[in-house]
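K.L.:
Take any residue in the sequence shown, count from 1 to its spot, add 77: that is its number in the working numbering.
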Amino acid sequence: MGKIHRWGLIVAFIVIILCAYMAVKIVFVEDKSATVPPLVGLQLVEAVEALQKEGLLAKIDQVDSPLKADTVVSQNMPAGEKIGKGKVVILRVSKGGALLPLPDVRGLKYEEAVSRLSEAGFKVNNVQRVTDSLKPVGTVIAQNPAAPQQVAASTMISLLVSSGVTGGTGFIVVPDVRGQEIGVVKEALLQSGLVVGKVTETPTQASPAGTVLSTNPKNGARIPSGSQVNITVARAPKPGELASDTPPSSPSEPTRTEPVRTVVVQPDPSQPQTPEYTPVSGETQPAATQGQAGQQQQQEPVDNTPSKTAKVRYQVPPLSRPMSLKIAITDGGTTRILRESDAKSNEYVSMNVPYKYDATITIYLGGELVWQDRFN
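#1: Roughly how many angstroms lie between the CA atoms of proline 399 and alanine 420, to the nearest whole one?
#2: Thinking C-alpha only, which one of Ile440, Leu266 and Ala224 is nearest glycine 274?
#3: Look up valine 122 in the DSSP assignment and say whether it is helix, strand or coil.
#4: Under three-state DSSP, which class holds serine 397?
#5: Using only CA atoms, which one of Ser142, Leu402, Gly198 and Ser110 lies nearest to glutamate 424?
#6: For serine 427, write down the residues that DSSP places opposite it in a beta bridge.
#7: Can you check DSSP and say which residues form a bridge with asparagine 202?
#8: Restricting to runs no shorter than 3 residues, where is the beta strand (DSSP E) found entirely within the region 245-303?
#9: Just reading off the beta strand (DSSP E) that tyrosine 441 is part of, what are its end residues?
#10: Over what stretch of residues does the alpha helix (DSSP H) that includes leucine 194 continue unbroken?
#11: Does the count of Cβ pairs from the region 194-206 and the region 136-155 closer than 8 Å reach three?
#12: Can you tell me whether DSSP reads isoleucine 87 as helix, strand or coil?
#13: Go ahead and pull the three-state DSSP assignment for valine 447.
#14: By DSSP, does leucine 128 sit in helix, in strand, or in coil?
#15: Quick one: grab the DSSP three-state call for valine 29.
#16: Across which residues does DSSP place asparagine 307 in a beta bridge pair?
#17: What residues in its chain sit with their C-beta under 6 Å from that of glutamine 305, if we drop five residues either side in the sequence?
#18: Answer with buried or exposed for alanine 223, where buried requires no fewer than 16 other C-beta atoms within 10 angstroms of its C-beta.
#19: Could you pull the start and end residues of the beta strand (DSSP E) that methionine 233 belongs to?
#20: What would DSSP say about alanine 219, mapped onto helix, strand or coil?
#21: Cβ atoms of threonine 288 and asparagine 307: under 9 Å apart, would you say?
#22: Could you tell me how far apart the beta carbons of threonine 382 and alanine 405 are, in whole angstroms, since I believe they sit closer than 8 Å?
#23: Determine the DSSP secondary structure at alanine 97, reduced to helix, strand or coil.
#24: Could you give the first and the last residue of the continuous beta strand (DSSP E) run that contains arginine 183?
#25: Counting pairs of Cβ atoms below 8 Å between the region 156-176 and the region 200-207, do you hit three or more?
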């Protein structure tokens, strides 16, 4: 009787061990008995049914795609992978909206850029105008999203447009272009936000043919943006023409009919040089010198301007290879580099930048300006 009782206890103990093992396996050991089916290209209903047959669940994310609506574009787990039943597979499903190629409108006039974007199926919803000494007034400097890439037709486009040197509504200083080639001068005036007016040729032997002798208004004059500037250009004199007929190089200078010679007397190196001014005994130092000494003794004032924070957010467009990314800030006339390194495709850049005065943050991708923002 005692032997039977002992065997009963042993059997009961073995049964308990087996039950505990099965419980641990069910609870803590994943049963990888489900296989992820291939779902890309299927309709949403078919994809969900295929997952349910394997004991899997589906989570749906709708994305822009040129594929038919409710078509599976991608899945987060590759087909054929063994996973436990009850796991969730994320399906990216097409919204049915078409992806369109975004044209590159940089360098175009604003009106032409908007027209080209409209023809491609896009709308412009944000336009920022910034001063730029290198781009003519009304020229598109950058766009967001950047091109080339394919984006949804519903994407709204932002443009960065040049307003010239002084913002397009104020006055522009006529640059000094005397002695430069006419082609270079025309481009410089256009980039300054001015319009090239009448070009007059004048015979002269004093300047090379094709170079600018003067402008009207003259250099240094402040005129409204978009004003015309007339140009006088040198040309070789014809037989019988006198070089003395050449007009003055600027409207304010008198005409000379005889060449002027300048004689420079070199000092004798063997003789001691006399200072330009030597005060005699009892004479006070000149006021200008005293002022310079007083300025040297003054201490620079302490800058107590409070700091502010500029938020920089930029996403790199799709790239076939990494490209150089440079982000710089100009704050109170001082420029510093915030980042200069290679950027990957679709990389998202986020940084908070302290500044004190009116600041401008500029982003260059591959050496080209792609965006600019101003903070004040």
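We put the CB at the ideal spot given by N, CA and C, even for glycine. What you are looking at is a predicted structure, and each value in this text was computed from that prediction instead of being measured.
P.N.:
A quick look at the data gives this:
#1: 5 Å
#2: Leu266
#3: helix
#4: coil
#5: Leu402
#6: Arg390
#7: In the DSSP output, where bridge partners are listed per residue, asparagine 202 has none listed.
#8: 248-250, 272-280, 289-293 and 299-301
#9: 436-442
#10: 187-196
#11: no
#12: helix
#13: strand
#14: helix
#15: For the chain, the structure presents residues 78 to 453; residue 29 sits outside this window and is missing.
#16: Asn293
#17: Val272 and Gly274
#18: buried
#19: 233-239
#20: strand
#21: no
#22: So it is not a contact: roughly 20 Å between Cβ atoms.
#23: helix
#24: Segment: none, arginine 183 is in no beta strand (DSSP E) and carries neither H nor E.
#25: no
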